[in-house]
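Residue numbers (our numbering): 3 to 368. First comes the structure, then the notes that go with it.
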Amino acid sequence: MWILDSQGYKFLKDKENVENILKGAGVKKNARFSIMITLVLLAGISFILVGIVRKDDIFKPLYYVKRQIDSYVYGYNTAIIKNDNIYNKKKINSLEDATKIIRDDLKHQNFKCSNDLETLSLENELESSYLIADVSFCDISYNEAEKIKMVIDKMYNLFPNIKGALTNISITNAKTKSEYIAYFQPMYQFVNPSEDITKYNKVNKTQILLNSYYFLNEEIMNNSLERVVGEDWYVKDATWESAISHELGHYITFVIFLRENGLENITFVTKENEDKINEVVKNYETGDFSRKIVTQALNNYNSKYMTNLNLDEFALTISKYAGVKDENDVLIADETIAEAIHDFYLHDNNCLQSSKEIIELIKARL
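Pasting the structure below:
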């Protein structure tokens, strides 16, 4: 119960006083409403800003749903990051600028991935240890990422002079699901490929791509490698992960070719070096360089072991993949060298004698 004194009662009996009170209450109510709207707007703006700065927290659930939908549509897990972005009209003034834009391209996509801090730590170790601009395992499990890192570590220990030319190791979606397990791409024109070189410097990526069909699907990799690719296709004891050493074998040959042509890498392209880079890559892709190495290894082998093998027979002593031919029935010597390096990775000095002859030439030229 309210108790009013006589002055208070008279005050309330006056209509003008009551109207003033109600008006005041209305003003206060409107003020509170305005404050509430302002707070809601500020909260909304804050949410957007946090979303921009902290994509990993805000949008991660959306990409989780997308991964599940893609898995349902394709029938297997696929990579959610893009490796084939192209940027134009970008000002690149140094190798450091080129490295930064390569790194940022995939680091800015990290929020889409489900990888944990341990996996990120593995990526960072590889980048810093071997001067690789970006390593993106993304949704590869930590256990699998650890196995891949072990392969890369051992390869760089076996061939310590190969740092500096590889810009990326990344999970990707192949054009067809089982097109390759891993793939070495010597040059991907990444920044300003269609721009005038007199106005814009260019950036190339040199990368090893890991096929999501295998590395994101444990049930597929639970099958033996031989069951999927065929018996004796790779060298003895090959595994899903050791196939990456084969691709690093291609990279090693590429590094040798670059250095023998006066280049350390092909990442930063300027008006002064563009023609040379394009010519060197074109010459590398003919396979003549690798063929000369394998031919020399064959001659050394035949002389040392008193045999009379031809080039095709020599390659097939390593594996079926080492002896693969092109559409013109010519041995692809790049694959012969890569398989010899794969053999050396798995068996060190206990590798095949034919592999050993190739390895001796490779090491002498690094």
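Glycine included, every Cβ here is placed at the ideal spot set by N, Cα and C.
- Look up L333 in the DSSP assignment and give the residues it is bridged to. Numbered from 1 along the sequence shown, position 331 holds the residue referred to as residue 333. In DSSP, L333 forms a bridge with K327.
- Item | Assigned secondary structure, M189 (DSSP; H/G/I helix, E/B strand, else coil) | Looking up residue 189 in the sequence shown gives position 187. DSSP places M189 in strand when its eight states are reduced to three.
- Query: How is the beta strand (DSSP E) around V137 delimited, first residue to last?
  - Reply: For the purposes of this step, residue 137 is taken as the residue at position 135 of the sequence shown. Counting along the chain, the beta strand (DSSP E) containing V137 begins and ends at D136 to S138.
- Message: Tell me whether the segment 302 to 318 and the segment 219 to 236 touch, counting them as touching only if at least three CB pairs, one residue from each stretch, are closer than 8 angstroms.
- Response: In this structure the segment 302 to 318 does not touch the segment 219 to 236; the number of beta carbon pairs closer than 8 angstroms is below three.
- Message: Could you compute how far the alpha carbon of E243 sits from the alpha carbon of V153?
- Response: As a working note, residue 243 is residue 241 in the sequence shown. As a working note, residue 153 is residue 151 in the sequence shown. Going from the Cα of E243 to the Cα of V153 covers about 7 angstroms.
- Message: Alpha carbons only, please: which of N225, Y158, V193 and I171 is nearest the one belonging to Y89?
- Response: Locating residue 89 in the sequence shown gives position 87, where the first residue counts as 1. Taking only the C-alpha atoms, the option nearest Y89 is V193.
- Message: For the pair the segment 135 to 142 and the segment 99 to 118, tell me if three or more CB-CB distances fall below 8 angstroms.
- Response: yes
- Task: Could you tell me the boundaries of the beta strand (DSSP E) in which V205 lies?
- Result: Walking along the sequence shown from the start, residue 205 turns up at place 203. Start and end: K204 to N213.
- Measuring CB to CB, does I339 end up less than 8 angstroms from T255? Start at 1 with the first residue of the sequence shown, and residue 339 comes out as number 337. Start at 1 with the first residue of the sequence shown, and residue 255 comes out as number 253. Cβ distance < 8 angstroms, so I339 and T255 count as in contact.
- Task: Give the DSSP-derived three-state secondary structure of A184 in the structure shown.
- Result: To locate residue 184, count along the sequence shown from 1; it is residue 182. The answer is strand: DSSP assigns A184 an E or B state.
- Query: In terms of alpha-carbon separation, which member of I295, L227 and Y216 lies closest to L368?
  - Reply: The sequence position of residue 368 within the sequence shown is 366, counting from 1. Out of I295, L227 and Y216, I295 has the C-alpha closest to the C-alpha of L368.
- Query: Hey, how far is the Cα of I83 from the Cα of D99?
  - Reply: As a first step, residue 83 must be located in the sequence shown, where it is residue number 81. As a first step, residue 99 must be located in the sequence shown, where it is residue number 97. Using only the alpha carbons, I get a separation of about 22 angstroms.
- Message: Quick check: the Cα distance between K204 and L64, rounded to an integer number of angstroms?
- Response: Indexing the sequence shown from 1 puts residue 204 at position 202. Indexing the sequence shown from 1 puts residue 64 at position 62. Computed Cα separation, rounded: 34 angstroms.
- Could you check what DSSP says for I71 in three-state terms: helix, strand or coil? Along the sequence shown, read from residue 1 onward, the residue named residue 71 stands at position 69. I71: helix per DSSP, three-state reduction.
- Exposure label - K207; buried when at least 16 CB within 10 Å: Counting from 1 along the sequence shown, the entry for residue 207 is found at position 205. So K207 ends up on the buried side.
- Outcome for M157 when other beta-carbon atoms lying within 10 angstroms are tallied against a minimum of 16: Residue 157 sits at position 155 when you count from the first residue of the sequence shown. Burial call: buried.
- Query: Quick one: Cα of N213 to Cα of M308, how far?
  - Reply: As a working note, residue 213 is residue 211 in the sequence shown. As a working note, residue 308 is residue 306 in the sequence shown. Roughly 42 angstroms separates the two Cα atoms.
- Task: Below 7 angstroms CB to CB, which residues in the same chain sit around D328 once its five sequence neighbours on both sides are set aside?
- Result: Working through the sequence shown from its first residue, we reach residue 328 at position 326. Cβ within range, chain order: I334.
- Query: By how many angstroms is the C-alpha of T200 removed from the C-alpha of Y182?
  - Reply: Your numbering for residue 182 matches position 180 in the sequence shown. Your numbering for residue 200 matches position 198 in the sequence shown. Between the alpha carbons of Y182 and T200 lies a gap of roughly 38 angstroms.
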